[in-house]
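K.L.:
Protein sequence lines correspond, in order, to chains A and B.
Here the first sequence is numbered in this note's numbering, starting from 1 and rising by one per residue.
Here the second sequence is numbered in this note's numbering, starting from 220 and rising by one per residue.
Structure in structure tokens, see below.
Protein chains: 2
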Amino acid sequence: MDETQSAPKPGSRSESREEIERRILDCAERVFAERGFGGATMQLIADQAELPKANLHYYFESKEKLYRQVVERIFTIWLEAADSFETSASPEVALSRYIARKMELSRTHRYGSKVWANEVMQGAPIIQDYLEVTLRDWTETRIELIERWIAAGLVRPVEPRWLLYMIWATTQHYADFAHQIETLNGGRALSDAQWRAATETVCGIILRGIGLQPEGAGA
Amino acid sequence: MDETQSAPKPGSRSESREEIERRILDCAERVFAERGFGGATMQLIADQAELPKANLHYYFESKEKLYRQVVERIFTIWLEAADSFETSASPEVALSRYIARKMELSRTHRYGSKVWANEVMQGAPIIQDYLEVTLRDWTETRIELIERWIAAGLVRPVEPRWLLYMIWATTQHYADFAHQIETLNGGRALSDAQWRAATETVCGIILRGIGLQPEGAGA
DNA sequence: AACAATCTTGACTGGATGGTCAACTCTGGT
DNA sequence: ACCAGAGTTGACCATCCAGTCAAGATTGTT
Chain A
1 MDETQSAPKP GSRSESREEI ERRILDCAER VFAERGFGGA TMQLIADQAE LPKANLHYYF
61 ESKEKLYRQV VERIFTIWLE AADSFETSAS PEVALSRYIA RKMELSRTHR YGSKVWANEV
121 MQGAPIIQDY LEVTLRDWTE TRIELIERWI AAGLVRPVEP RWLLYMIWAT TQHYADFAHQ
181 IETLNGGRAL SDAQWRAATE TVCGIILRGI GLQPEGAGA
Chain B
220 MDETQSAPKP GSRSESREEI ERRILDCAER VFAERGFGGA TMQLIADQAE LPKANLHYYF
280 ESKEKLYRQV VERIFTIWLE AADSFETSAS PEVALSRYIA RKMELSRTHR YGSKVWANEV
340 MQGAPIIQDY LEVTLRDWTE TRIELIERWI AAGLVRPVEP RWLLYMIWAT TQHYADFAHQ
400 IETLNGGRAL SDAQWRAATE TVCGIILRGI GLQPEGAGA
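Encoded structure:
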């Protein structure tokens, strides 16, 4: 039901420390995602990782330290995705790639996205500094970039800030609200084709919404 | 620091049962929103409502019953907002009104939106039946409506489903991620003007994105 | 084989949590 | 003034939780 790892058997001692820590982090991510920090229990994480709770504490000092590492790992992934918003590309390319990448992340890192959402909803007690520094800087450079596009007449005048929030919201929605989306999809996960269609629709609406023509768009 | 009520003093016995229950529900909503179901404690809710914990149990049998009522209240509000997506209006009017109403809800019912988000992220253990019946029916009628608009050539062909998700995601983001938005706004809540601008930008991008001209749009 | 370092784990602890209860107070009706 | 029912509350309980610990198992090294 739950095979994250498969090369060395979970109980086996041939697993390296790194592998075990990764297995714990993966399970912790899922549990924190589904129940929030307060609702998650070390016992449940231990069970899912197929370890005794005491052993879990051997690898991660405390629940908070474990949570911190989960959140930090997610932020790293987010940062990498953020790079696909290339400052050198044309508006069409930069935005399409960024949106597509974020949609992909929502599919492959559903739980990470949920942990992030939970953390922010709780007022970002752990990652406030990331918001204030890294995220803020990134946001500001992109706002300036979009403003330059607007000044150059490439993009219809919109406030870049609300545009960025729209992209974040729309793409992350597919991870955070996956359960709702799947319920409305007859209880089934979205197919490859549906993910492609959703990505294209999101790209299409946003690009056209700011006066761009999506690449490879018909009539 | 925390005056939800003010006409009759919190401790006063001149408060009606209804008033007390509403005060509890308001506080519970906030606590559940910020910490999720598992992370919330009855003690904290009681403290915020300025009641002894035992008294809280006099009004609400159990934590789960209280949570259920909070979620049901939110769903009711959501349903009312859903009505502003009028099936009789033009695409421009129906969509603009719906988006504007949802943005307004994100501003006035931030905590309700967060509780909903939490519930869905946890797999909707309490409200699965709402998702499967009420939400599904509503969604399907709107999808058919949008398909008729498309068939009539009023709206550019897009898959209505992804459009609806986009509207939900974008508007609810302003409630669920309010903390992030405020951090990026220099730590201040959005002003009236900013809410208006955000609403207009969201409306503008979505309407133009599907080939409509927002009402009262310039050039 | 001997040994030290690393890893594993069942049993435990102190504190928090949801929920209960019996005693108490208040209010409106007579 | 009296009473019954509604509302209030401190003290209490069983359970669960994060975290500890010491005894034991495994591993790499010589």
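Cβ atoms here follow ideal geometry from the backbone N, Cα and C, with glycine treated the same way.
Would you say residue 302/B lies against chain A (beta-carbon separation less than 8 Å)?
P.N.:
Working through the second sequence from its first residue, we reach residue 302/B at position 83. It does not: the Cβ of residue 302/B has no partner Cβ on chain A nearer than 8 Å.
K.L.:
On the premise that residue 210/A lies in contact with residue 163/A, defined as a C-beta separation below 8 Å, what is that separation, rounded to the nearest angstrom?
P.N.:
Taking the first sequence and counting its residues from 1, the one referred to as residue 163/A is at position 163. Taking the first sequence and counting its residues from 1, the one referred to as residue 210/A is at position 210. With 8 Å as the limit, residue 163/A and residue 210/A qualify as a contact, their Cβ atoms being about 7 Å apart.
K.L.:
Which value, in whole angstroms, describes the spacing of the CA atoms of residue 8/A and residue 66/A?
P.N.:
The residue you call residue 8/A lines up with position 8 of the first sequence. The residue you call residue 66/A lines up with position 66 of the first sequence. Because residue 8/A carries a pLDDT of 43, less than 50, the predicted location of this residue cannot be relied on, and no value is offered for it.
K.L.:
Give a yes or no on contact between the stretch 170-177 of chain A and the stretch 143-150 of chain A, applying the rule of three or more CB pairs nearer than 8 Å.
P.N.:
No contact exists between the stretch 170-177 of chain A and the stretch 143-150 of chain A.
K.L.:
For residue 39/A, count the other beta carbons within 10 Å of its own beta carbon; 16 or more makes it buried, fewer makes it exposed. Which is it?
P.N.:
The residue labelled residue 39/A in the question sits at position 39 within the first sequence. When all chains shown are included, residue 39/A counts as buried.
K.L.:
I'd like the list of long-range same chain contacts for residue 449/B, defined as Cβ closer than 8 Å, with 5 residues on each side in sequence excluded.
P.N.:
Outside the shown range of chain B (220 to 438) lies residue 449/B, about which nothing can therefore be said.
K.L.:
Can you pull the chain A neighbours of residue 289/B, defined as C-beta to C-beta under 7 Å?
P.N.:
For the purposes of this step, residue 289/B is taken as residue 70 along the second sequence, with counting starting at 1. The contacting residues do not exist; residue 289/B stays about 15 Å from chain A at best.
K.L.:
With distances taken Cα to Cα, identify the nearest neighbour of residue 26/A among 113/A, 87/A, 132/A, 121/A.
P.N.:
As a working note, residue 26/A is residue 26 in the first sequence. The candidate whose alpha carbon is nearest that of residue 26/A is 113/A.
K.L.:
Is the Cβ of residue 176/A closer than 8 Å to any Cβ of chain B?
P.N.:
Start at 1 with the first residue of the first sequence, and residue 176/A comes out as number 176. At least one chain B Cβ lies under 8 Å of residue 176/A.
K.L.:
By DSSP, does residue 391/B sit in helix, in strand, or in coil?
P.N.:
Along the second sequence, read from residue 1 onward, the residue named residue 391/B stands at position 172. Three-state DSSP puts residue 391/B in a helix.
K.L.:
Using 10 angstroms around the beta-carbon of residue 96/A, count the other beta-carbons present and answer buried if the total reaches 16, otherwise exposed.
P.N.:
Within the first sequence, numbered from 1, the residue matching residue 96/A stands at position 96. It counts as buried.
K.L.:
Check whether chain B comes within 8 Å of residue 42/A, counting only Cβ atoms and requiring the distance to be less than that.
P.N.:
Translated into the one-based positions of the first sequence, residue 42/A becomes position 42. For residue 42/A, the answer is no, since every Cβ of chain B falls outside 8 Å of its Cβ.
K.L.:
I'd like the list of long-range same chain contacts for residue 3/A, defined as Cβ closer than 7 Å, with 5 residues on each side in sequence excluded.
P.N.:
If you number the first sequence from 1, residue 3/A lands on position 3. Bear in mind that a pLDDT of 33 at residue 3/A, under 50, signals an unreliable position, so the model cannot answer this.
K.L.:
Determine, for residue 424/B, whether the minimum Cβ-Cβ distance to residues of chain A falls below 8 Å.
P.N.:
Within the second sequence, the letter at position 205 stands for residue 424/B. Output row for residue 424/B: interface = yes.
K.L.:
What span of residues does the alpha helix (DSSP H) with residue 194/A cover, start to end?
P.N.:
Along the first sequence, one-based indexing puts residue 194/A at 194. Looking at the DSSP string, the run of the alpha helix (DSSP H) that includes residue 194/A is 192-209.
K.L.:
Is it a yes or a no for the stretch 391-405 of chain B touching the stretch 285-300 of chain B, going by three-plus beta-carbon pairs under 8 Å?
P.N.:
Cβ pair count under 8 Å is below three, so no.
K.L.:
Give the range of the alpha helix (DSSP H) segment to which residue 91/A is assigned.
P.N.:
Taking the first residue of the first sequence as position 1, residue 91/A is located at position 91. Here the alpha helix (DSSP H) through residue 91/A covers 91-108.
K.L.:
Does the beta carbon of residue 87/A sit closer than 8 Å to a beta carbon anywhere in chain B?
P.N.:
Within the first sequence, numbered from 1, the residue matching residue 87/A stands at position 87. For residue 87/A, the answer is no, since every Cβ of chain B falls outside 8 Å of its Cβ.
K.L.:
Less than 8 Å separating the beta-carbons of residue 243/B and residue 268/B?
P.N.:
Residue 243/B sits at position 24 when you count from the first residue of the second sequence. Residue 268/B sits at position 49 when you count from the first residue of the second sequence. The answer is yes: Cβ separation under 8 Å.
K.L.:
For the stretch 245-271 of chain B, list every residue whose C-beta sits within 9 Å of some C-beta in chain A, in sequence order.
P.N.:
Of all residues in the stretch 245-271 of chain B, 252, 253, 254, 255, 256, 257, 258, 259, 260 have a Cβ within less than 9 Å of some Cβ in chain A.
K.L.:
Please identify the residue among 77/A, 128/A, 85/A whose C-alpha is closest to the C-alpha of residue 109/A.
P.N.:
The residue you call residue 109/A lines up with position 109 of the first sequence. The candidate whose alpha carbon is nearest that of residue 109/A is 77/A.
K.L.:
Quick check on the DSSP output: the alpha helix (DSSP H) that includes residue 403/B runs from which residue to which?
P.N.:
Residue numbering aside, residue 403/B sits at position 184 when the second sequence is read from its first letter. From DSSP, the alpha helix (DSSP H) with residue 403/B extends over 397-403.
K.L.:
Please go through the stretch 257-286 of chain B and give each complete alpha helix (DSSP H) segment of 4 or more residues, from N-terminal end onward.
P.N.:
Fully enclosed alpha helix (DSSP H) runs of 4 or longer: 261-267, 272-278.
K.L.:
Can you check whether the C-beta of residue 55/A is within less than 8 Å of a C-beta belonging to chain B?
P.N.:
To locate residue 55/A, count along the first sequence from 1; it is residue 55. No, no contact with chain B.
K.L.:
Which residues bound the alpha helix (DSSP H) around residue 145/A?
P.N.:
For this step, residue 145/A is matched to residue 145 along the first sequence. It spans 136-151 - the alpha helix (DSSP H) in which residue 145/A sits, taken as one unbroken run.
K.L.:
So, using beta-carbon positions, are residue 122/A and residue 401/B closer together than 8 Å?
P.N.:
Counting from one through the first sequence, the residue named residue 122/A turns up at place 122. Counting from one through the second sequence, the residue named residue 401/B turns up at place 182. No.
K.L.:
What is the rounded straight-line gap between the Cα of residue 100/A and the Cα of residue 167/A?
P.N.:
Counting from one through the first sequence, the residue named residue 100/A turns up at place 100. Counting from one through the first sequence, the residue named residue 167/A turns up at place 167. Using only the alpha carbons, I get a separation of about 10 Å.
K.L.:
Identify whether residue 128/A lies in helix, strand or coil by the three-state DSSP scheme.
P.N.:
The sequence position of residue 128/A within the first sequence is 128, counting from 1. Helix, per DSSP.
K.L.:
From residue 406/B to residue 131/A, what distance separates their C-alpha atoms?
P.N.:
In the second sequence, residue 406/B corresponds to position 187, counting from 1. In the first sequence, residue 131/A corresponds to position 131, counting from 1. Answer to the nearest angstrom: the Cα atoms are 11 Å apart.
K.L.:
Which one of 414/B, 422/B, 426/B has the shortest CA to CA distance from residue 323/B?
P.N.:
As a first step, residue 323/B is located in the second sequence; it is residue number 104 there, counting from the start. Minimum Cα distance to residue 323/B is reached at 414/B.
K.L.:
Go ahead and pull the three-state DSSP assignment for residue 304/B.
P.N.:
Counted from its first residue, the second sequence places residue 304/B at position 85. It is coil, neither helix nor strand.
K.L.:
If I measure Cβ to Cβ from residue 300/B and keep anything under 7 Å in the same chain, skipping five residues before and after, which residues do I get?
P.N.:
In the second sequence, residue 300/B corresponds to position 81, counting from 1. Result list for residue 300/B: 320, 321, 324, in chain order.
K.L.:
Would the beta-carbon of residue 207/A fall within 8 Å of that of residue 86/A?
P.N.:
Locating residue 207/A in the first sequence gives position 207, counting from the first residue. Locating residue 86/A in the first sequence gives position 86, counting from the first residue. Not closer than 8 Å, so no.
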